[in-house]
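As structure tokens, the structure follows; a few thoughts come after it.
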Amino acid sequence: GTLEKVSAKKAGLSGTIPPTIGMATKLEEIDLEESYNCGKKSKDWKRENCKGFSGTIPPEIGMATKLEEINTEKNVISGTLPASLALLSKLK
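Residue numbering for the sequence shown follows the numbering used here, beginning at 3 and increasing consecutively.
Take a look at the structure:
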């Protein structure tokens with residue numbers, strides 16, 4: 003099979019986007035919207051304690067040349083966008 007879409011929307015995941023994402027040369031979409039893990043809710047629960055995807059977008063993402071969409075809404079992606087995004091001519 004060929005990986006064309008990564009969807010972790012509201013999946014309760016956290017961590018970083020791995021550099022190996024660039025190896026998915028047929029990848030068209032990455033959807034990580036609201037993919038945070040808040041742990042067990044208690045009376046002291048706060049949204050600020052939720053952890054989603056964090057860190058930077060790895061420069062290797064530029065090797066996924068079929069990529070059309072990246073959604074990291076409501077995560078904690080930081081740093082500057084990699085220059086390799088300019089290689090993604092289909093990116094919306």
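Where is the CB? At the ideal position from N, CA and C, for every residue including glycine. This structure is a prediction, so every number in the text was calculated from the model and none was measured.
Quick one: what's got a C-beta closer than 8 angstroms to Ser56's C-beta in the same chain, skipping five residues either side? Ser16, Gly17, Thr18, Asn77, Val78, Ile79 and Ser80
Selected residue, minimal CA-CA separation from Glu75, among Pro21, Ile63, Glu31 and Ser37: Ser37
Is Thr58 helix, strand or coil by DSSP? coil
Could you check whether Ile72 and Leu93 sit closer than 9 angstroms to each other, using their CB atoms as the reference points? With respect to Ile72, Leu93 sits close: the two C-beta atoms are nearer than 9 angstroms.
If we call anything under 9 angstroms between Cβ atoms a contact, is Lys11 one with Leu34? In contact: Lys11 and Leu34 (Cβ atoms closer than 9 angstroms).
Whole angstroms is fine: what's the gap from Val8's alpha carbon to Thr82's? 22 angstroms
Extent of the continuous beta strand (DSSP E) to which Lys7 belongs: Lys7 to Ser9
Leaving out the 5 sequence neighbours to the left and right, which residues in its chain are closer than 6 angstroms to Leu90 when beta-carbon positions are compared? For Leu90, the CB contacts under 6 angstroms within the same chain, skipping 5 residues up- and downstream, are Leu69 in chain order.
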